[in-house]
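Colleague: Quick one: structure below, then a few questions.
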Amino acid sequence: MQDWEMLLQDDYLEVAGRKFKSRLIIGSGKFKDFQQTKEVLEASGAEIITVAVRRVNITDPTKENLLDYIDPNKYLILPNTAGCYTAEEAIKTAMMAREATGINWVKLEVIGDKKTLLPDMEETYKAAKFLVKEGFVVLPYIFDDPVYAKKFEDIGCAAVMPLAAPIGSGLGLQNPYNLIFIKESISVPVIVDAGIGSATDIPPVMELGVDGILTNTALAEAKDPIKMAVAMKYATIAGRLAYLAGRMPKRTYAVPSSPTKGVPFKS
Amino acid sequence: MPKIILNGEEREIPREMTVMELLEEIGIKFREIGLAVAINEEVVPKSEYTTRKVKEGDKVEVVQLVGGG
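Following this line, the structure appears as C-alpha cells:
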C-alpha cells in the first residue's frame, strides 16, 4: 500500500449507497478506439465510466462494441442522456439506457443551447423529478447554481454534477465560489462535470471539497491520453489530500518562514 | 411485406417477426448488456424479445451503448 492509500483508506466517493475508491470518473467519448478507451480507464484508476445511448447503424452494424472492452462487473457503466434537449427526450433515453445497461443509474443531461451546451435547468429538473419517481439513481448535469443544486437534492437526486466550465471547453475552474456554496448547501455528493482541460485543472477543484470529478475531452484530446490518465489519477488524489489537509489562509503580504531573530552579521 | 420505421428510416421486413428475429434480420448481435429496443417509444424488456412481434407500421428503435462523456 502506498502512502496516499494509507491516508485515504477510509475515504470514499459514496453515491446512492455505493462506495468508490476513486473520485475520478471518466467519459468514454472521442477516443481513438475501444482499446485506447480501455487502457485510459485502467490507467486512470476510475471505477465509473460514462457512455452514451445511440441508434445502431443499420447499414453498417459495427461488430465491435464498447462493452467487449469494459467489464460491467468491474466498472459502473453510467449512461448519459447527452444530445437530449427536452425532458421528454431525456426520459425516453434514460429508459432505453436502463434496459441497455441493466442498471437504473443515469447521468441526466438536458442541453439548452447547441453552442455552449449549457444545461436547460427547467427541463433537467422536470426530467429528474420524473426519473427519481421511476426509481432511477439520477445524477443531473447542472449549472454551478447553489439554489438549483438544493432543489435537485430535495427531489431525491443521488448527486449533482455542476460544471466547472462548458463541456469540452477545457477552460478549467471558472467560479470556485459557486462550487463552495453548492458543497455547503447540500449533503448529496457534488461531482464536478465538464470544463477540465488538463490534470492540473483538477486539484484546485478537488481542494474545494467537492466529492468527485468527471472528465472526458481532456483525456481524449491529450497528445498521450494514457499519460494524462495517470496524471489525472494523481491530481485527483493530490486535490483530495490537500482538501483534507486544509490549506493555510491566503494573505496579501509576505510572512517570513525563517526566524527573524538571530540573523548573522546584523548590528 | 410489412413496412416498419427502423431507427427513423422506412424498411420492409419479410414478414411479421419477433424482436429477436428482427435483430437477426438486420445483423445485430443480441447482447444482454449494451443493447436496447423500443417499439412505438416503449422499451421492450429483453425477456420479451422472443415473443414480442414487430408489426406493420411499428416504429422500432434499436440502440447500443457507445463512447460518450
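Which chain is which? The protein sequence lines are A and B, in order. First residue of the first sequence? That's 576 in the working numbering, and the numbers climb one at a time after it. First residue of the second sequence? That's 261 in the working numbering, and the numbers climb one at a time after it. The C-beta atom is built at its ideal place from N, Cα and C for all residues, glycine as well.
1) Counting only Cβ pairs nearer than 9 angstroms, list the residues of chain B close to A:Pro-654.
2) How many angstroms separate the CA atom of A:Ala-627 from the CA atom of A:Thr-612?
3) Locate the beta strand (DSSP E) running through A:Leu-588, then write down its first and last residues.
4) Identify the continuous beta strand (DSSP E) that holds A:Val-631 and give its terminal residues.
5) Here's the rule: buried if 16 or more other CB atoms are within 10 angstroms of the residue's CB, otherwise exposed. What is A:Thr-775?
6) Please decide whether B:Asn-300 counts as near chain A, where near means a Cβ-Cβ distance under 9 angstroms.
7) Under a CB-based cut-off of 9 angstroms, is B:Pro-274 close to chain A?
8) May I ask which residues mark the beginning and end of the beta strand (DSSP E) holding A:Tyr-716?
9) Any Cβ of chain B within less than 9 angstroms of the Cβ of A:Gly-677?
10) With A:Glu-617 and A:Phe-595 assumed to form a contact (beta carbons below 8 angstroms), what rounded beta-carbon distance in angstroms separates them?
11) Taking Cβ-Cβ distances shorter than 8 angstroms, what residues in chain B pair up with A:Pro-647?
12) Identify every residue that forms a DSSP beta bridge with A:Val-681.
13) If B:Ile-290 and B:Leu-283 are in contact, beta carbons under 8 angstroms, what's the gap, nearest whole angstrom?
14) Would B:Gly-268 pass as an interface residue toward chain A - the criterion being a Cβ-Cβ separation below 9 angstroms?
15) Can you name the residues of chain B whose CB is closer than 8 angstroms to the CB of A:Leu-599?
16) Name the residues in the region 662 to 696 of chain A whose C-beta lies less than 8 angstroms from a C-beta of chain B; which are they?
17) At which residue ranges does the region 775 to 815 of chain A contain complete beta strand (DSSP E) runs of 3 or more residues, listed in the order of the chain?
18) Using 9 angstroms as the limit for Cβ to Cβ distance, is B:Val-279 near chain A?
19) With 16 other CB atoms within 10 Å as the buried threshold, where does A:Thr-835 fall?
20) Check the C-beta distance from A:Ile-654 over to A:Val-615 and give it rounded, since I have them as a contact under 8 angstroms.
21) Using only the alpha-carbon positions, how far apart do A:Gly-821 and A:Lys-638 sit?
22) Would you report the Cα separation of A:Asp-786 and A:Leu-683, rounded to the nearest angstrom?
23) Within 9 angstroms (strictly less), CB to CB, does A:Leu-878 reach chain B?
Modeller: To lay it out plainly:
1) Leu-325, Gly-328
2) 14 angstroms
3) 588 to 590
4) It is not in any beta strand (DSSP E) - A:Val-631 carries neither H nor E in the DSSP assignment.
5) exposed
6) no
7) no
8) 712 to 717
9) yes
10) No, A:Glu-617 and A:Phe-595 are not in contact; Cβ-Cβ is about 15 angstroms, not under 8 angstroms.
11) Ile-293
12) A:Val-713
13) Ile is not the amino acid found at residue 290 of chain B; the sequence shown has Phe there. The pair is a contact, with the Cβ atoms about 6 angstroms apart (cut-off 8 angstroms).
14) yes
15) Near A:Leu-599 there are no residues of chain B at all, since even the closest Cβ is about 13 angstroms away, more than 8 angstroms.
16) Lys-667, Met-670, Met-671, Ala-672, Arg-673, Glu-674, Ala-675, Thr-676, Gly-677
17) 787 to 790
18) no
19) exposed
20) One detail in the question is off: residue 654 of chain A reads as Pro in this sequence, not Ile. At roughly 19 angstroms, the Cβ-Cβ gap does not stay under 8 angstroms, so A:Pro-654 and A:Val-615 are not in contact.
21) 50 angstroms
22) 18 angstroms
23) Outside the displayed range of chain A (576 to 842) lies residue 878 of chain A, so it cannot be described from this structure.
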